[in-house]
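Notes to accompany the following structure.
Residue numbers (our numbering), protein chains in the order written: chain V, 1 to 333; chain Z, 1001 to 1333.
Following this line, the structure appears as structure tokens:
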């Protein structure tokens, strides 16, 4: 009798251990996501396309996932972070350009009035970008970006910009890669502004970054070949440009696309039009407390047509406030 | 005594087995390459950059290898294979364009006189390409290429074009990948002409193919998004264009670059100018018997300045006749 009980105890212990091991072997891949519809539908899709023998199985080589960056992998308020870089560059370069003291948008900027500087709209922004993002080699530009991203801080949160990435999206990227997806950034931001840090921050290598670009020109400097960045737009990777950029860089249609604004709508439409299963994901900024709340009326990251189309077509929409347990990761410092 | 001998026998057998296993575990990665300088220098470089702790160690993520395609991974005589595709398309499309019967370069082509058709030089070739490579969606074009590459045959050898790839280069690609290199094609050929078959033939996926391109435009057809190929050159991935294309698509400098013509020179110079170790490889077509022999005077794949620079700078030059045991793989049919 005694032996029987001890036998049962051992069996129970084994069962407990087995359960524990099973749980340990499969930890929650998306711990910062609230349980519920959004998280469940992401996991259901990934399981559907990765289960061999299933009608919706997609070969690993075809598991292409594309992510917008601004407002989707990291924040974008009160303005695109790349603009902070441009502004810091204007300040650093100002001593070399005394004429900026009286010329807009530089004059306002140097007086600290960013709003007035950007009042000129796209032409003003274009001038800021061209005067700070061109006129050097690609290698020199990469160093400028690298140094800036390591030290610059967001004016409202005081955080490093790379600490204003979304923890749930980092988990989603890792979860997709663990399921043999190849993850790409497809952003309206500058391709060479992103590449110096995307591998360290998102695990996405330079060759998987698609973005807007200036014209570059091969040249010889002291017998060494360099690529010069010219003040001329080559490609705008936004709206209709996103499927064009995807086709140019990737050459396959994504089966998973994630964005947060009307600028991502064509990428999601293009993804939805694939022949096999596909997953379209919009991030809706609904969290004024932990982040920012904005959509149809926002000047940055407007989500209007996209929100309507997502609802009509049944695409998955993340409600940041409801679906995310945490927004930002624990800061590095 | 007897036991001693049997002990020695067992030891000898173990030694034999160990030797056999070691040999079996490390088969020759480049069996179609003759032993000697070229093969040895390739292997020495790969061992040098992959050996952890060595001064020349390169992290796996930085092991970028770029290969020209025409005349480097597959043959290119008597003319670029993509031109055979264009010619076959002209024939297929001719009934829709009765005016081609009297208009060059189409008229000569339709009479079977390719030489006369191409006598118009680049403008004639450009017209042939634009009239056959544009005016359809990217998906439609991929199907045309796919169907052609599965059936068209080289006029001199009667082989499928994909059976005119170089066996030693297939081995080199696989050897590099086995050592955690990421292999890319960087070709003057059309990016969308290559992508439909490079994964099956070379093990290089679409997103690792860089090439020349036409402008594509996002459009809606019956509510479905498509990309239209327009008859307008977007980018020529040749000569100075190769480093530009590499930077645009890959965003890192290769440490290994392989080409066969002056069109690859800037890619090799760009690779050589990297900060760490680098390997520059030229394929010299010296084998009139098994393939073709051509270099400084050839209209296709001219290797003149590149050959001089390779010799001056000590880059590795493959002598096809001397260095390769076999040229083409055993045909599939």
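Here a beta-carbon is modelled for each residue, glycine too, at the ideal position from N, C-alpha and C.
Compare the C-beta of residue i with all C-beta atoms of chain Z and state if any pair is closer than 7 Å.
i                      : result
residue 270 of chain V : yes
residue 335 of chain V : Residue 335 of chain V cannot be examined here, being either before or after the span of chain V that is shown, 1 to 333.
residue 273 of chain V : yes
residue 49 of chain V  : no
residue 311 of chain V : no
residue 58 of chain V  : no
Helix or strand or just coil, what does DSSP make of residue i?
i                       : result
residue 1090 of chain Z : helix
residue 319 of chain V  : strand
residue 197 of chain V  : helix
residue 124 of chain V  : helix
residue 39 of chain V   : helix
residue 102 of chain V  : coil
residue 139 of chain V  : helix
residue 327 of chain V  : coil
residue 119 of chain V  : coil
residue 1186 of chain Z : strand
residue 1204 of chain Z : coil
residue 1044 of chain Z : helix
residue 1058 of chain Z : coil
residue 108 of chain V  : helix
residue 75 of chain V   : coil
residue 1131 of chain Z : helix
residue 272 of chain V  : helix
Beta-carbon within less than 6 Å of residue i's beta-carbon, same chain only, minus the 5 sequence neighbours each way: which residues are those?
i                       : result
residue 294 of chain V  : 285
residue 1206 of chain Z : 1195
residue 1279 of chain Z : 1045, 1256
residue 1146 of chain Z : 1196
residue 1270 of chain Z : 1243
residue 1290 of chain Z : 1327
residue 169 of chain V  : 73
Is residue i close to chain V? Criterion is C-beta to C-beta, closer than 7 Å.
i                       : result
residue 1065 of chain Z : no
residue 1138 of chain Z : yes
residue 1089 of chain Z : no
residue 1195 of chain Z : yes
residue 1244 of chain Z : yes
Ignore the nearest five residues each way along the sequence and tell me which others in residue i's own chain have a CB closer than 7 Å to its CB.
i                       : result
residue 154 of chain V  : 161, 164
residue 1079 of chain Z : 1300
residue 1262 of chain Z : 1302, 1303, 1304, 1305, 1306
residue 2 of chain V    : Model confidence at residue 2 of chain V stands at a pLDDT of 48, short of 50, so the residue's coordinates are unreliable and nothing is read from them.
residue 1237 of chain Z : 1186, 1187, 1188, 1210, 1211, 1212, 1245
residue 138 of chain V  : 192, 216, 227, 229
residue 252 of chain V  : 62, 64
residue 94 of chain V   : 100, 110
residue 232 of chain V  : 214, 215
residue 82 of chain V   : 189, 190, 193
residue 130 of chain V  : 231
For residue i, collect the residues of the same chain with a Cβ closer than 8 Å to its Cβ; drop the 5 residues on either side in sequence, then sort them by chain order.
i                       : result
residue 217 of chain V  : 227, 228, 230
residue 185 of chain V  : 66, 67, 68, 69, 73, 194, 198, 202, 204, 208, 209, 210, 211
residue 124 of chain V  : 104, 105, 117, 118
residue 152 of chain V  : 84, 85, 88, 160, 161
residue 1177 of chain Z : 1183, 1203
List the residues of chain B whose Cβ lies closer than 8 Å to the Cβ of residue i, in chain order.
i                     : result
residue 61 of chain V : No chain B appears in this structure, whose protein chains are V and Z.
Original post:
Along the segment 1250–1267 of chain Z, what residues have a CB closer than 8 Å to any CB found in chain V?
Top reply: 1250, 1251, 1252, 1266
**OP:** Check distances from the C-beta atoms of the segment 1218–1242 of chain Z to those of chain V and list, in chain order, the residues that come in under 7 Å.
**Re:** 1218, 1224, 1225, 1227, 1240
Original post:
What are the start and end residues of each continuous alpha helix (DSSP H) run of 4 or more residues lying completely inside the segment 142–182 of chain V, in chain order?
Top reply: 167–178
Original post:
Enumerated in chain order, which unbroken segments of the alpha helix (DSSP H) with a length of 4 residues or greater are wholly contained in the segment 1278–1324 of chain Z?
Top reply: 1305–1313, 1320–1323
Original post:
Name the residues in the segment 1197–1215 of chain Z whose C-beta lies less than 9 Å from a C-beta of chain V; which are they?
Top reply: 1199, 1205, 1206, 1207, 1208, 1209, 1213, 1215
Subject >> Unbroken stretches of the beta strand (DSSP E), 3 residues or longer, contained in the segment 1214–1264 of chain Z >> reply: 1224–1235, 1256–1259
Original post:
Taking a cut of 7 Å between CB atoms, which residues from the segment 149–169 of chain V lie near chain Z?
Top reply: none
**OP:** Taking only beta carbons into account, state which residues of the segment 172–186 of chain V come closer than 7 Å to chain Z, listed in chain order.
**Re:** none
**OP:** Could you list the residues in the segment 1321–1333 of chain Z with a C-beta less than 8 Å from some C-beta on chain V, going in chain order?
**Re:** none
Original post:
When you check each C-beta in the segment 1285–1303 of chain Z against every C-beta of chain V, which residues fall closer than 7 Å?
Top reply: none
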